[in-house]
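Structure (C-alpha cells):
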C-alpha cells in the first residue's frame, strides 16, 4: 500500500494519526536542523517536516538528498502546524516524518512546475507530461472530464444513445481535406478518417435509432491556424421526427444544464437572432453579446453630403466605443493603423469624439456639421465620452472589418469577461453561398441541409436568398455548435444536387450510399454538432483550447513530445502498396 | 411536432386521447373494409386501425397505398383493442386513425425487418441501416450504450478521469502492424493510428493524473480472423501509486457493479488462479469455469505400462465428460475425428467408458486393467456414466488440444449458459515467452511489465521462469481484460531491454520518449485494459461481437455498406507525397 491518504486530504481532524503519503517533491527548504518538504499529487500539497531532533537520523540524512520532482513515499504523524497556511487546504497540519522511501529520483525539470511557469510554449509541448503536473493544465483536463460526463449524463437522460461510428471510412472529395489510411489488404485502396460522422448519424436515423449522440474525434487535414488541431472532438447529435424547434430546445437545455452544473449559473431562455440580423447588427454570424456596441448604419445620415468616400460606399457603418472620446490624437492614429492592418483590411477610419459637453469633434468636420454628427451619435447610440468609429466600403467587407474593431475595443475595455456567459442562437442561415472562384453556389452547411419551406419558390429564381433550416449556437462570440434539419425528401434532394452543380451521376458517385439508404424510408431528421474542445475552453473561461487537450499538436501538425509524424521503413511501405513521391 | 407519444408508450390509461405517432410501417393487414397497420419506432410498436366506417374516406384510401417500411405520421384516437395482444407492451390499445401523412415512401427492403430475418450476413452488412431497425441489433446497441454509461459513471465515481489521448501518433515496430496516415505537411512522414494508448497512459501517470481511464478506439492492421475488427474499443485504465492488489480490487469492483446494474446479479469475490494452475487444470489461460471437467493428469497412473504411446508422451491428460459413456462407437469415432482435425491437431484419443455398474470399458483394455482405469477415473473425477477422454503428447500442445475438446463438450452438453457469469482472475503470468522463430525471449505482455520481486534473481539464470505482475480478467472463457504493474525503475528497465535483445541505442530509438519521461520522476504505476466490444457481447449473452458494433467491417476489413476502402485520386496522392506501388 503506497498511501493511506492523498496529498490533499489531511486536516486538523487527522492530528496524531500516523499516515502514509506518496507524491512528488514540490519544494525543499533546508534550514540545517530542520527540513521542510512539500509533497504534491493530483489532489493537493502537504507539508512534511524532517526535524533533526525528532526524525530518525537515517531518514533525516536521506531527506537531504531530495530534489525537485523526486517521487517519494513518507510515513509520519500528522501534527499541528506552527504557522498555518490559509491558502492551502492542508495548511493547518504537517507530517512529522518517521520514514522516507525514495521511489524514484528525477532530473531537474526543464521548467518550473508552478502555476506560473518559466517554460515557453515549445518546451512545455515537448515535456507535456511535466506540463500536465502544473495546476492550470491538470485542472483543465479535470474540467474537461467533468464537462464530458455532464454532457453524456444529460443526453442519456434525455433518451439519446451514444453510438460509436467507424474511424476507418471512405474519402469524399467534398469539404476539407481528408487524412487517409492506405489499406494493406485492399491493394491500392485507402480508408479516410472522418471529418465528422455526418453520414453515419444520418444512417442511424434511417436505422431508427431516433436520438443519437457521440463524443467523437474528427480529423481535418487543413493548414493549421492558431488554435486549430488536426484532430478535434465533437459532441455529435442527431434526432429523428423533429423540427428545428425541437432541436433548439434540447440543446438549449443541454447548454443551460452545463452552465448550471458547472458554474451554478441560471441562464434565461437564449435569445435568437437571424443570420441577417446578426450580420447587420454585429457584422458577424457569431456575435459576442456580452456587451453592446451594436452597429449603427449611417448611409442615410452620412451619404449625399460632400464626402466622396462615403458617397461611393456600399455601406457606411459605425460603433460607439465607451469612454474612448478621451483618446489622444496619437492613440486614434494607432487605432486607424490597427484597422488598416492587412488582417483587417480597412482603407481608413472616420471618427467622432462625443465630448462631455454634448458637442462633437470628428475627422470629417469639413463635411459634416454638429447636427449631422448628432444623427450619427443617435444611430450608433453614442453617449458623451464615446468615440464613434466609422468604416465604409463594400457591405460584407466593411461589416467584417467593423466586427473585428468591435471585438478589439471590447477586449481593450475589458468587456469580454471570462466568467460571464451570453449564449445566443443564430438561425435562418442562407442555404447557399456563392463561390467567386468556381462561379457556382456551394452549400453553406452541407448538401443535405433543408431549405425553409416558405423559401422553396426562390430556389430556381433567386437561390442566394433561400434560407435554410440551419442554426448555430454562439457563446461569447464563438460558434460552439451548429446544425440543420436535413432533407429527407428524394425529389428535393435531387433538385438540391442539381442546384449545386452535380449531375445525377456525380451525386450518385459521391453520396450514393446515403441516397440509397434514403430510398428505404428516411424519417424527417436533423441534428447539431458542438465543438467540444472549444466548448470546454469557453466554459473554462479560456480563449485557447490547447490546455484542454492532453497531448495537442503544434501548428505544423507535429506532436513534438513523441516526434510524430515520422518516417516508416520500406518494408512497411511495400506492405501497404505505396512508395514515397518526394 | 411530429408526435405526441412514441410507439411504445400508449396504454389503456390513454384511451380516448387524441394522439399523434410517427414511425415505420411494420406490417399491413388489409381486410377490405378494415386495414390494420403496425407502426414501429425505436420504442415499440402500436397497432393502427383504418375503418371504412369510421375513418375519413381519403385517409382510408391513402392507407391502401402503405407498404412495408413507409415512414408515416398518424393522428387518431386511442381505443380499446378488441383482441388484446399480451406480447406487446401497447397490446391493450389501438389507434383509430383520422389523419395520415406519408412522410416518406420506401422500397421493399431486401430482407425482412423482423427479429428472425431472412437476410444473410452479407446482405445485412450491406444494408446495415436496415439491420439496425431489427430488435436484436437495435437492442445490442442500446445495451452497449447502457454498459458504457455504467462504466464511465463507476470509474468517475472512483476518482478516475477520462482523458482523450491522440489518434495521430507514431508508428512503433513492436507488436502488431500499425495503420499509418501519410502527412501532407511533413513530407515523407507518417502518423500511425494507436494500437492502444499504452505509452500515453503511462505518460499521464508520469504527469500525475493518478487515475486515468478512456473508452477509446484502437487499431490493428492484422489479418482478420472471425469476430475480430481492425478498429475496436477498449476501456483503457491506469493508476499511480498502486500495487497489483489495488488494481484487481478496483476492476473487480467495476465488473461486479456491471453484473449488478446490468443483470441484477450479486457475484462473490472473484476466484484467482495462477497462470500455471490454469494451464494445468484447464490447458488454457482463460478457462471457462462455469463448469468443471478439470484436467486429470495421468502420467503417474498411465505410464510405465506396455502402452508405448503414453510411455513416450511428455504428458498424458484426460477429462471426464458427463453422461457421455452412452456414446455409441460411431459417436466416439466422430469425436476422435474431431480432435484429429487440423485446427485441433491431436494424433488420436484414448477413451474410457465409466459404466453405470462401476466397470470400465476403454479403447486400451489391452494395456490397462480395471484397477488401472479406476485410478484414471479418480484422477479425472469421473463418475459412472462419464466418458473419460485422454490425450497425450508434448505438454503445451496436448493441453491446448484437450482444452478445445473440453470447450466443445461443454457446448454440446449445454454447460456454457449465456445467462451465467463466472469471472476469474488469472495472475502470475510469465514475464517472457520464448520465440522459436527469432530464438529470443519476447515480453509476454509488453516490455514495461514488471517482474515479481521474488523472481528477480532468476532473470539472468532462468528467464523463462520469471513471473510478472501481470493479470487477466477472464469471463466465461474469454479474456475480457488484462494488464500489469509497470516497471518504473530505470535500472530494471534497462536490464529488461537487454534481456529482450535490445541494444541501449535500439531501446532509445523505439521507446525514447517514454524512457526520457521516466527520468523526471515516474511513480509506481500499473493498469489494465478491457476489450469493450467483447465485454459488452458477453454481458449481453452473445458469442459474437458484430451485432454490438453499429457499423462493423467484414473479414476482409471492408465496410461493404459505404464500400470502403476505395481508391483516391492522383491529386490527393500527390499532395500526400506518395504514389501507388501495385
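Protein chains in written order, with this note's numbering: chain X, 1 to 582; chain E, 583 to 1164.
Glycine included, every Cβ here is placed at the ideal spot set by N, Cα and C.
Quick caveat: nothing in here was measured; it's all calculated off a predicted structure.
Contact between residue 852(E) and residue 1006(E) holds: CB atoms are separated by about 6 Å, below the 8 Å threshold. With respect to residue 443(X), residue 458(X) sits apart: the two C-beta atoms are not nearer than 8 Å. In the structure shown, residue 1149(E) adopts coil according to DSSP, grouped into three states.
Listed in chain order, the non-local C-beta contacts of residue 672(E) below 8 Å within the same chain comprise 589, 590, 591, 592, 593, 626, 627, 628 and 629, local neighbours out to five positions each way being set aside.
According to the DSSP assignment, residue 718(E) belongs to no beta strand (DSSP E) but to the alpha helix (DSSP H) extending over 717–739. Listed along chain X, the residues sitting closer than 8 Å to residue 1144(E) by beta-carbon distance are 169, 170, 199 and 513. Residue 506(X): member of the alpha helix (DSSP H) spanning 504–518, first to last residue. Neighbourhood of residue 567(X) in chain E, by CB distance below 8 Å: 770, 771 and 772, in chain order.
Taking a Cβ-Cβ threshold of 7 Å, the residues of chain X close to residue 767(E) are 556 and 557, in chain order. In the DSSP assignment, residue 858(E) falls within the unbroken alpha helix (DSSP H) covering 857–864. Non-local beta-carbon contacts of residue 256(X) in its own chain, meaning distances under 7 Å to residues more than five positions away in sequence, involve 267 in chain order.
By the beta-carbon neighbour count (other beta carbons within 10 angstroms, threshold 16), residue 831(E) is exposed. Annotation: the continuous beta strand (DSSP E) that includes residue 190(X) extends over 190–192.
For residue 791(E), the neighbours in chain X by C-beta distance under 8 Å run, in chain order, 42, 132, 138 and 141.
Contact annotation for residue 1044(E) against chain X: no contact, minimum CB-CB distance about 28 Å [criterion: below 9 Å].
In the structure shown, the three-state DSSP call for residue 545(X) is coil.
Across the set 1154(E), 1158(E), 1146(E) and 1133(E), the C-alpha of 1133(E) shows the shortest separation from the C-alpha of residue 712(E). For the stretch 1087–1114 of chain E, the residues whose beta carbon sits under 7 Å from a beta carbon of chain X are, in order, 1095, 1099, 1101, 1102, 1103, 1104, 1105 and 1106. No Cβ-Cβ contact shorter than 8 Å links residue 251(X) with residue 533(X).
Residue 106(X) belongs to the set of residues whose beta carbon lies under 8 Å from a beta carbon in chain E. Chain E places no beta carbon closer than 8 Å to that of residue 497(X), leaving this residue out of the contacts. Counting along the chain, residue 253(X) sits inside the alpha helix (DSSP H) bounded by residues 244–263. DSSP places residue 584(E) in the coil class of the three-state scheme, outside both helix and strand.
Here DSSP, grouped into helix, strand and coil, assigns residue 783(E) to helix. If you look at residue 525(X), you'll find it in the beta strand (DSSP E) that goes 525–531. Residue 661(E) is not a Cβ neighbour of residue 682(E), given a cutoff of 8 Å. For residue 11(X), no Cβ of chain E is located within less than 8 Å of the residue's own Cβ. Pairwise C-beta distances place the stretch 809–828 of chain E in contact with the stretch 780–799 of chain E, as three or more of them are shorter than 8 Å.
For residue 795(E), the enclosing beta strand (DSSP E) covers residues 793–801.
Boundaries around residue 427(X) are those of the beta strand (DSSP E), 423–427, since no alpha helix (DSSP H) includes it. Between the stretch 175–195 of chain X and the stretch 595–612 of chain E, the count of Cβ pairs shorter than 8 Å is below three; the stretches do not touch.
Between the alpha carbons of residue 1117(E) and residue 50(X) lies a distance of about 49 Å.
Chain E has no Cβ within less than 8 Å of the Cβ of residue 238(X). DSSP places residue 1047(E) in the helix class (H, G or I) of the three-state scheme. Its Cα nearest to that of residue 730(E), the residue 795(E) stands out among 984(E), 638(E) and 795(E). In this model, residue 870(E) and residue 1057(E) are separated by some 7 Å (Cα to Cα).
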